[in-house]
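Protein chains: 2
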Amino acid sequence: MYTLMVADDHPLFREAIGAVIASGLPDSLLLEADSLEGALLKAEEHEEVDLVLLDLGLPDAEGLSGLKQIRERRPDLPVAILSADQDRRTILDALDLGAVGYITKSTPRRDLLAALTRILEGQLYLPPDIMRRPPAEVQRQTPIDEDVRRRLSELTIKQLEVLIRLTHGASNKVIARELDIAETTVKTHVSAILRKLGVTGRVQAILAAGSADLDALLTERHELSR
Amino acid sequence: MYTLMVADDHPLFREAIGAVIASGLPDSLLLEADSLEGALLKAEEHEEVDLVLLDLGLPDAEGLSGLKQIRERRPDLPVAILSADQDRRTILDALDLGAVGYITKSTPRRDLLAALTRILEGQLYLPPDIMRRPPAEVQRQTPIDEDVRRRLSELTIKQLEVLIRLTHGASNKVIARELDIAETTVKTHVSAILRKLGVTGRVQAILAAGSADLDALLTERHELSR
DNA sequence: GACGCCCTCCTCCTTCGGTAGGAGGCGAGA
DNA sequence: TCTCGCCTCCTACCGAAGGAGGAGGGCGTC
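Chains as they are written, first to last, in my numbering: chain S, 3 to 228; chain V, 3 to 228.
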């Protein structure tokens with residue numbers, strides 16, 4: 003005997019889910035809501051909600067923001083996402099926010115029931131087909147910053163030191179003070195950095211350095227020159 | 003009949019895993035490696051490896067870097083993590099890199115076997131106890147950028163548009179062209195942004211905006227004024 | 001010793017970024 | 001209607017950023 007809630011603004015879809023649950027999980031209580039607010043209200047009334055099935059297209063909660071709101075206001079509430087979105091990234095982000103499952107709307111009825119029972123039993127459910135077809139991302143990502151990495155590796159130690167401070171938003175003057183060198187010297191370094199990174203301004207340099215771990219690069223460089 | 007490989011530098015542990023597999027998955031072939039390089043070499047020899055169980059404490063691959071390397075060099079190879087690390091973040095990152103499962107070393111033998119078969123059947127396995135006890139993170143994270151969020155919400159629509167372009171590294175001139183307004187107007191907007199964000203230069207503004215989803219904020223704002 | 005690389009600093013100059021202050025137009029709401 | 005906030009644009013001024021070009025010193029290699 004479970005209490006479930008489906009939060010979806012499409013009545014027909016709620017109905018379909020209801021039918022699946024009625025057939026596969028008899029004597030379950032199914033609550034319905036067509037908005038995030040409605041879902042949270044209903045959840046107040048019924049203390050013992052075992053699972054919320056949350057659509058990602060709710061009118062008052064676009065995308066994962068709805069999940070985030072629920073997690074902030076009712077961290078005790080188990081939430082599974084029910085969405086047409088099959089993007090791997092979305093699924094991971096949902097997990098990140100604490101979702102206990104992710105069910106795509108294209109899931110066949112039989113699998114859907116299996117997924118629900120899995121989740122209700124305290125397991126986790128994710129679309130295996132998507133999660134098992136891992137990311138082109140790994141390949142896609144590396145060649146992009148492969149170029150940056152190569153350029154970064156051409157920087158000298160001092161230039162790296164300057165670049166690190168650039169990424170912290172420091173002005174030439176501040177950098178000069180911190181490194182105890184003249185501002186003109188800082189300018190020289192900055193110019194060299196811009197040239198080597200192939201960009202036209204400090205802002206671009208910061209964006210190019212992006213998420214690279216410059217501190218790691220720096221210590222690595224220090225060790226090399228040891 | 004599966005072919006599995008366990009990559010762990012602790013022989014005793016490999017032995018234990020071997021015993022579990024022998025008892026629960028008879029006539030499986032178990033390969034062993036004590037380093038990342040060794041694992042990749044062995045994987046070359048045996049084309050039909052169904053699953054690699056990767057420890058996160060390998061001497062030549064600290065943490066998730068080993069997983070990353072495998073994914074880059076052999077994206078076809080299904081890898082599950084086998085680690086003592088029970089950190090939620092680590093698990094999510096592993097998934098992110100394309101792991102097909104995550105098994106903690108504290109998993110009892112019975113559950114371990116269930117997890118392995120699940121993975122070998124093409125499902126996904128994650129430690130339910132950890133994943134179902136979701137993050138204090140949601141609360142921890144928000145107060146940090148609560149301040150930034152408040153400041154960002156004070157920006158007007160046009161100011162947001164300008165800020166978005168600032169974060170792309172655009173100069174005032176470029177922004178002026180893109181928005182089809184005079185550069186002096188852009189300057190006015192930029193000044194207002196700096197004042198409202200409480201920073202002293204465009205670089206600082208970009209860093210302050212940081213990871214905030216400005217585009218989302220913008221559409222949100224548009225909808226509000228509708 | 002000569003060469004190359006790096007770090008340091010300088011001057012001169014241009015462009016960019018940012019502030020201050022003012023001003024007109026426009027739409028929403030009291 | 002009048003007010004208020006927002007967007008638009010302007011002038012004037014000044015400091016920051018960056019390019020060009022030169023120059024000296026330290027350090028390691030051939």
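Each residue gets a CB set at the ideal place from its N, CA and C atoms; glycine is no exception.
* Check whether the Cβ atoms of Asp52 (chain V) and Thr5 (chain V) sit closer than 8 Å, and answer yes or no. => Yes, the pair counts as a contact, with Cβ atoms nearer than the cut-off.
* To do: Measuring alpha carbon to alpha carbon, tell me which of S:Arg111, S:Glu156, S:Leu56 ends up nearest Val81 (chain S).
  => S:Leu56
* Exposed unless 16 or more other CB atoms sit within 10 angstroms - verdict on Gly200 (chain S) -> Within 10 angstroms of the beta-carbon of Gly200 (chain S) lie fewer than 16 other beta-carbons, which makes it exposed.
* To do: On a CA-only basis, which of S:Ile177, S:Arg197, S:Asp131, S:Leu196 is nearest Val188 (chain S)? Give me that one, please.
  => S:Ile177
* Asked: Hey, is Val102 (chain V)'s beta-carbon within less than 8 Å of any beta-carbon in chain S?
  -> yes
* Asked: Considering only residues of the same chain and omitting the five flanking positions on each side of Leu99 (chain S), which have a CB-CB separation below 7 Å?
  -> Leu66, Leu69, Lys70, Arg73
* Which residues share a DSSP beta bridge with Tyr127 (chain V)? -> V:Gly103
* Is there a Cβ from chain S that is less than 8 Å from the Cβ of Arg142 (chain V)? -> For Arg142 (chain V), the predicted model reports a pLDDT of 45, less than 50, meaning its position is unreliable; a value from the coordinates is still stated below. Arg142 (chain V) does not count as touching chain S.
* Positions along the segment 124-135 of chain V whose CB lies within less than 7 Å of some CB in chain S -> Gly124, Gln125, Leu126, Leu128, Pro130, Met133, Arg134
* Looking at the C-beta of Pro145 (chain V), does it have a partner C-beta in chain S at a distance below 8 Å? -> Annotation note: pLDDT 49 at Pro145 (chain V) (below 50); position unreliable, coordinate value reported separately. So no, Pro145 (chain V) is outside the interface.
* Give me the Cβ distance between Leu60 (chain V) and Asp87 (chain V), rounded to the nearest whole Å; I'm assuming they're in contact under 8 Å. => Leu60 (chain V) to Asp87 (chain V), Cβ: 13 Å. No contact.
* How many Å lie between Gly203 (chain S) and Arg223 (chain S) at the Cα? -> 25 Å
* So which residues on chain S does Asp98 (chain V) lean against when the C-beta distance must stay under 7 Å? -> Going along chain S in sequence order, the residues near Asp98 (chain V) (Cβ under 7 Å) are Leu94.
* Residues of the segment 207-221 of chain S with a CB closer than 8 Å to any CB of chain V: list them in chain order, please. => Ile208, Leu209
* Helix, strand or coil for Thr109 (chain S) per DSSP? -> coil
* Asked: Are Ile93 (chain S) and Leu38 (chain S) closer than 8 Å when you measure CB to CB?
  -> no
* Asked: Going along chain V, which residues have a C-beta under 9 Å from Arg204 (chain S)?
  -> Val205
* Asked: What are the residues of the segment 8-39 of chain S that lie near chain V, defined by any Cβ-Cβ distance shorter than 9 Å?
  -> none
* How about the segment 29-47 of chain V and the segment 206-225 of chain S: do they share at least three Cβ pairs that are nearer than 8 Å? -> no
* **Whole-number beta carbon distance between Arg167 (chain S) and Glu180 (chain S), since they are thought to touch under 8 Å** => 6 Å
* With 9 Å as the C-beta to C-beta threshold (strictly closer), list the residues of the segment 151-181 of chain S near chain V in chain order. => Leu168, Thr169, His170, Gly171, Ala172, Ser173
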